[in-house]
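Basically this note's numbering = 1-based index in the sequence shown + 6.
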Amino acid sequence: MNKSKFAAMVAGAGIVLAGCGGYVYTTVGGKVTGLGSGDTLTLRNEGNYLQTLYADGTFQFNVASNGNYTISVAQQPNSVNCTVANGSGKMSGEAAVNNIAVTCTPNVPLGGTVAGMTDGASMILLNNNLYKANVTANGSFKFTDFVVSGTTYAISVGLPPVSQYCTVANGTGTASNANLPAALTSVVTCVPAVPVKFTVNGLTAGTVLTLVNTVDGYADKYAVSAPGNYLFGWSWLTGKPFNVTVDTQPTGQTCKVTGGTGVVDAANPAASANIVVDCAKT
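Here it is in structure tokens:
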């Protein structure tokens with residue numbers, strides 16, 4: 007038997023002999039239903055081969071007639087969430103398996119309204135400290151990433167506008183396709199606040215110094231790579247104590263903070279604006 011002849015035949019999804027005394031290749035697959043318009047679903051088999059679908063329909067992967075198979079979702083679409091039924095098993099012969107069902111159900115849009123943000127400002131909101139929404143104006147907003155129905159969400163401020171402090175009300179809950187409006191009722195309110203500013207001297211250009219301002223247990227980190235004047239990402243309300251320290255030293259230098267502790271005061275903004283960081287070679 008000419009093995010090279012058989013080897014050349016191993017391609018595609020048909021039933022093909024692998025060689026004399028060998029096994030055969032057949033297919034395992036099924037049907038996808040529920041994909042939304044514009045959505046992309048990527049499936050993966052046990053060999054880490056991928057197949058991408060852009061609409062409802064059938065799919066197939068090659069598998070040995072005596073092999074195990076596992077079909078799973080490698081990348082979920084955005085507006086729907088897809089689950090796999092009958093996705094794993096062991097082939098018991100040469101007949102193709104076509105009973106795998108991938109069913110996609112709608113996800114839940116997440117958002118709310120923003121009020122009080124300064125004109126021309128911008129803000130980053132997070133869901134579960136991960137997915138971002140970039141907000142550039144007051145009014146309604148939505149996250150680009152939808153939420154799987156039945157899972158929890160928690161909207162928080164990732165980075166507020168400069169010189170403002172923002173809070174989130176009604177920002178947590180459980181997403182549900184049975185009550186879509188509930189996930190669109192968060193309210194983000196921004197008010198004037200006092201920035202925490204610092205000056206860096208003597209830092210060798212190209213090295214990296216990381217400072218951290220700890221307020222009420224929140225660590226606001228800021229990395230700089232050149233001397234200059236900077237302000238932390240978060241501004242704070244009057245009465246909040248600030249504590250600026252070195253988080254990581256630059257290579258070959260030691261930096262010391264002067265005036266790094268105090269209390270934020272809107273009536274005396276200089277109290278949190280005169281922090282000095284001096285760096286010298288070690």
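Even for Gly, the Cβ is constructed at its ideal location relative to N, Cα and C.
Item: Where G27 falls: helix, strand or coil (DSSP); Value: Per-residue confidence for G27 stands at a pLDDT of 47, beneath the threshold of 50, marking its modelled position as unreliable; no derived number is given.
Item: Beta carbon of P201 nearer than 9 Å to that of L237; Value: yes
Item: Chain-order list of residues whose beta-carbon lies under 7 Å from that of D226 (same chain, five-residue window excluded); Value: V218, N219, F238, G239, W240
Item: Spatial distance of T46 from G63 (CA atoms); Value: 13 Å
Item: Where P167 sits in the DSSP three-state scheme; Value: coil
Item: Beta-carbon spacing of N197, Q170 below 9 Å; Value: Note on identity: in this sequence residue 197 is Val, with Asn being the wrong assignment. Cβ distance < 9 Å, so V197 and Q170 count as in contact.
Item: Simplified DSSP state of N280, which is helix, strand or coil; Value: coil
Item: Backbone secondary structure at L243 - three-state DSSP; Value: coil
Item: DSSP bridge partner residues for I106 (one or two, in chain order); Value: G36
Item: Sufficient close CB pairs (3 or more, under 8 Å) joining the segment 134-144 to the segment 170-186; Value: no
Item: Distance between P187 and G118 (C-alpha atoms, nearest Å); Value: 10 Å
Item: Member of V263, Q255, Q259 whose CA lies at the smallest distance from the CA of N249; Value: V263
Item: K246, buried or exposed, once every other Cβ within 10 Å from all chains shown has been counted against 16; Value: buried
Item: Whole-angstrom distance between I281 and L56, CA atom to CA atom; Value: 54 Å
Item: Given 8 Å, three or more beta-carbon pairs between the segment 63-77 and the segment 87-95; Value: yes
Item: Cβ distance (whole Å) where T32 is taken to contact A102 below 8 Å; Value: 5 Å
Item: Enclosing beta strand (DSSP E) for I77 [first to last residue]; Value: Segment: none, I77 is in no beta strand (DSSP E) and carries neither H nor E.
Item: With 16 other Cβ atoms within 10 Å as the buried cut-off, status of G177; Value: buried
Item: Span separating the alpha-carbon of M129 from that of V168; Value: 9 Å
Item: Spatial distance of A17 from L59 (CA atoms); Value: A caution first: A17 carries a pLDDT of 33, below 50, which makes its placement in the model unreliable, though a value can still be read off. Cα-Cα distance, rounded: 21 Å.
Item: Neighbour-count burial assignment, N134, 16 or more Cβ in a 10 Å radius; Value: exposed
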